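> Residue numbers (our numbering): 256 to 320. Note that CB positions come from ideal geometry on N, CA and C, so glycine has one too. No experiment lies behind these values; they were computed from the predicted model shown. This is the structure I have questions about; it appears just below.
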């Protein structure tokens, strides 16, 4: 069994933030925090992302990757 965390952007799309193997009934807090961070990042860049290398690097830096 797997658990998928996502959010819905009305009228646009569904954004999957993570998928992981379900080991317990509760979702690990770290997975929830990561999904929330990705949603905030999506909201920040969704209308102005051009796909440049500089932007990708900035996003990865914000994610700590």
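Under 8 Å, do residue 261 and residue 271 count as touching if we go by C-beta distance?
One-based indexing of the chain shown puts residue 261 at position 6. One-based indexing of the chain shown puts residue 271 at position 16. At the C-beta level, residue 261 and residue 271 come within 8 Å of one another.
> Rounded to whole angstroms, what's the CA-CA distance from residue 319 to residue 276? Just pull it up for me.
On the chain shown, position 64 is the one that residue 319 refers to. On the chain shown, position 21 is the one that residue 276 refers to. Each residue's alpha carbon lies about 23 Å from the other.
> Give every residue of the same chain whose Cβ lies closer than 8 Å to the Cβ of residue 296, excluding the five residues on either side of it in the sequence, and list them in chain order.
Taking the first residue of the chain shown as 1, we reach residue 296 at position 41. Within the same chain, residue 296 has close Cβ partners 314, 317 and 318.
> Hey, out of 280, 283 and 298, whose CA is closest to residue 264's CA?
Numbered from its first residue, the chain shown carries residue 264 at position 9. The option with the nearest alpha carbon to residue 264 is 298.
> Please report the distance separating the alpha-carbon of residue 268 from that of residue 274.
Taking the first residue of the chain shown as 1, we reach residue 268 at position 13. Taking the first residue of the chain shown as 1, we reach residue 274 at position 19. Straight-line Cα distance between these residues: approximately 17 Å.
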